[in-house]
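By the count of our numbering, the sequence shown reaches residue 423 at its end, each step adding exactly one.
A virtual CB, placed ideally from N, CA and C, is assigned to each residue, including glycine.
Just so we're clear, the structure is a prediction, and the values are computed from it rather than from any experiment.
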Amino acid sequence: MENRIIYWFRNDLRLDDNEAFWTAAGDATELLPVYVFDPRRFRLRDLGFRKTGLNRAYHILDAVRNLQERLQEKQGDLIIRVGEPEKIIADLAKLHQVAEVRASKEITLEETNVEASLSKRLKGINVDISLTWMSTLIHPHDLPVYISRLPEEYGRFAELTRQTPVRKPLPGQEAIPFMTGETGSVLPDLRELGFGEEELKAGKNPDVRSITEAELKSRVASGEAGTEEFLNWVSDGLISPRLAYHHTSGTPLGAALYEQLSWRDYLQFLALKYGTRLFKPSGLVHRIDKEWKYDRESFHQWKDGKTSDPEVNRSMEALGAKGVLGFGESKVAAQHLIGELGVNWTWGAAWFESQLMNYEVALNWGIWNYFAGVGPGKMEDIL
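Next comes the structure, spelled out in structure tokens:
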């Protein structure tokens, strides 16, 4: 019986240990891999900068290009479109008369709204949708308690989950039953995503490059990869958390990486538990007693590296130029915005979202909750 399936790549730009993709490939008689560049992800915020800045936009383009080349090596292709995913995926499903759409499950509001909208559209054309949780080291079903009852503080969370087994990475398969008839997709020009000529004049920073899956494997095999690199690859979706864990388990790097991945899990589960509180000035613990200034001039001086503090300025210039900033520098910059200037912390989190190449929703906004004193626990809990 014919079973056509669309696989919608989201923040899982890899083939290795991609449970949702390989399950779809095993179940389908014909598989159509799709990636959609959503212009809303690159829109201008009211504060005058893009939700996704230029460096990260180039970074995403590279990662999608790498994924497409990997699929082409397997005699297939990646269908690339620009637009609202909920509309484009539904239109493709109708056009190709598919039975089902498969994808990874996301947890925060914008992403889940897209899932809900797509599900509604697919229901109208009698197409199923199946979403698979792949974003954490520990699967939610393996947690020793319900997410609603997870400890508020990281130390207690880590103690509770330390003995929880990590599922083994799933192997792929050699043959993928690609659907024919949809070929020739090319990556969009950034102008198609809303960037203007003035923004593009600077060109691409040569440091902004997404590692290929072959390079990743080489660095892992040689032992050259460090904790920071693994975490960057996880944020890109180039490697799964559990593959990163199993690659390093039993090595000197393994213990440190496990702690970082555990901290990342904690913030993901907090985001799942508290929903939109993650993005509100009152934060995860609902601190309505805290008052924030909405001083645009002070904020823009901070983001542009034009404060009275040279150390903060250096950090903000580095963030804007390279899209990378260490935790120590991030903390100093955040404390200046929050403590010295008293400016609404969500503006700072939004600027980091725009600039960071290794941006992840729950991680970035969760850490800023801690910076602002509106997250559960103390600043010392941050790894």
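### Query
Which residues share a DSSP beta bridge with LYS35?
Outside the displayed range of the chain (41 to 423) lies residue 35, so it cannot be described from this structure.
### Query
Quick one: what does DSSP say SER144 is sitting in, helix, strand or coil?
Taking the sequence shown and counting its residues from 1, one reaches residue 144 at position 104. Of the three classes helix, strand and coil, the one that applies to SER144 here is strand, per DSSP.
### Task
Starting from the N-terminal side, write out each stretch of the alpha helix (DSSP H) that is 4 residues or longer and does not extend beyond the segment 74 to 116.
94 to 113
### Task
Enumerate in chain order the residues of its own chain whose CB-to-CB distance from ARG85 is below 7 angstroms, with the five nearest sequence positions on each side excluded.
In the sequence shown, the residue the question calls residue 85 occupies position 45. If we look at ARG85 and ignore the five residues flanking it on each side, its Cβ neighbours are LYS91 and ALA390.
### Task
Can you tell me which of ARG196, ALA361, SER394 and MET174 puts its alpha carbon nearest to the alpha carbon of LEU210?
Within the sequence shown, numbered from 1, the residue matching residue 210 stands at position 170. Selected option, being the one with the closest Cα: MET174.
### Query
Does DSSP classify GLU124 as helix, strand or coil?
Within the sequence shown, numbered from 1, the residue matching residue 124 stands at position 84. The answer is coil: DSSP assigns GLU124 none of H, G, I, E or B.
### Message
If distances are taken between C-alpha atoms only, which option among GLY382, TYR399, LEU227 and HIS286 comes closest to ARG207?
### Response
To locate residue 207, count along the sequence shown from 1; it is residue 167. It is HIS286.
### Query
By how many angstroms is the C-alpha of GLU299 removed from the C-alpha of PHE309?
On the sequence shown, position 269 is the one that residue 309 refers to. On the sequence shown, position 259 is the one that residue 299 refers to. Whole-angstrom Cα-Cα distance: 15 angstroms.
### Message
DSSP three-state label for TYR306, please.
### Response
The residue you call residue 306 lines up with position 266 of the sequence shown. Here TYR306 sits in helix by DSSP.
### Task
Determine, using beta-carbon pairs with one atom in the segment 185 to 197 and one in the segment 260 to 270, whether at least three such pairs fall under 8 angstroms.
no
### Message
Tell me whether the segment 321 to 337 and the segment 56 to 71 touch, counting them as touching only if at least three CB pairs, one residue from each stretch, are closer than 8 angstroms.
### Response
no
### Query
Where does LYS67 fall in DSSP's three states?
Start at 1 with the first residue of the sequence shown, and residue 67 comes out as number 27. Lys is not the amino acid found at residue 67; the sequence shown has Asp there. In this structure, ASP67 counts as helix in the three-state DSSP scheme.
### Task
Determine, using beta carbons only, whether VAL167 and VAL138 come nearer to each other than 8 angstroms.
Numbered from its first residue, the sequence shown carries residue 167 at position 127. Numbered from its first residue, the sequence shown carries residue 138 at position 98. Result yes, Cβ atoms of VAL167 and VAL138 sit closer than 8 angstroms.
#### Entry: Residue range of the unbroken beta strand (DSSP E) whose run includes LEU183
Position 143 of the sequence shown, counted from the start, is the residue given in the question as residue 183. Unbroken run through LEU183: none, as it is neither H nor E.
### Query
For the candidate residues LEU359, THR316, ILE147 and LYS320, whose alpha-carbon lies nearest to that of GLN395?
In the sequence shown, counting from the first residue as 1, residue 395 sits at position 355. Out of LEU359, THR316, ILE147 and LYS320, LEU359 has the C-alpha closest to the C-alpha of GLN395.
### Task
Please name the residue in MET397, LEU318, GLY345 and LYS346 whose C-alpha comes closest to that of LEU365.
The residue you call residue 365 lines up with position 325 of the sequence shown. Here the closest residue by C-alpha is MET397.
### Message
Looking at the secondary structure, which residues open and close the alpha helix (DSSP H) in which TYR285 lies?
### Response
Position 245 of the sequence shown, counting from 1, holds the residue named residue 285. Segment 281 to 288, the alpha helix (DSSP H) holding TYR285.
### Message
Using only CA atoms, which one of VAL401, GLY116, GLY88 and ILE120 lies nearest to ALA103?
### Response
Taking the sequence shown and counting its residues from 1, one reaches residue 103 at position 63. Answer by Cα proximity: ILE120.
### Task
In the DSSP assignment, find the beta strand (DSSP E) that holds ILE169 and state where it starts and stops.
Position 129 of the sequence shown, counting from 1, holds the residue named residue 169. 168 to 172 is the extent of the beta strand (DSSP E) around ILE169.
#### Entry: Assigned secondary structure, PHE235 (DSSP; H/G/I helix, E/B strand, else coil)
The residue labelled residue 235 in the question sits at position 195 within the sequence shown. Note: PHE235 maps to coil in three-state DSSP.
#### Entry: Bridge partner(s) assigned by DSSP for ARG44
Here the question's residue 44 lines up with position 4 in the sequence shown. For ARG44, which the question treats as bridged, DSSP gives the partners GLU70.
### Message
For the alpha helix (DSSP H) containing ALA358, name the first residue and the last one.
### Response
By 1-based counting over the sequence shown, the position of residue 358 is 318. Per DSSP, ALA358 belongs to the alpha helix (DSSP H) from 350 to 362.
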